[in-house]
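For the record, in the sequence shown the residue sitting at position 55 is 741 according to this note's numbering, with numbers rising by one throughout. Here a beta-carbon is modelled for each residue, glycine too, at the ideal position from N, C-alpha and C. Report on the following structure.
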Amino acid sequence: IGAVWMMFHGVLLLLVRRWLKAPIFFAAVGSQANVGGAASAPIVASVFHPSLAPVGVLLAIAGYVMGVYGGLLCAALLRASYFVWH
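And the structure:
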């Protein structure tokens with residue numbers, strides 16, 4: 687199941703990158719920020735250029751913030767659907 691999820695992650699990431707016409711840098715760092723977190727995203731960003739390491743940190747922190755609020759929204763929707771169906 688993990689391999690299928692990672693394949694889905696990669697395909698979706700590349701499709702969105704192409705749709706936005708973003709550089710491959712954002713796809714690589716964004717993927718690493720999602721999968722590896724704030725510890726490894728700056729390392730991937732610094733591979734492209736050393737001054738881009740803070741961008742990796744910011745992408746990872748933005749992912750954490752959106753993930754927290756996305757999780758809270760998901761919990762609220764599930765709670766609301768429970769009361770609707772029961």
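Check, Outcome
"Residues in its own chain within less than 8 Å of residue 755 by CB, not counting five upstream and five downstream?", "none"
"Assess, as a yes-or-no matter, whether the stretch 730–750 is touched by the stretch 693–706 under the definition of 3 or more beta carbon pairs within less than 8 Å.", "no"
"Just to confirm my understanding: we take residue 763, look at its own chain, exclude 5 residues before and 5 after, and list those with CB closer than 6 Å. What are they?", "none"
"Compute the Euclidean distance between the alpha carbons of residue 712 and residue 772, then round it to the nearest angstrom.", "44 Å"
"How close, in whole Å, do the beta carbons of residue 745 and residue 719 come, if the pair is a contact with beta carbons under 8 Å?", "4 Å"
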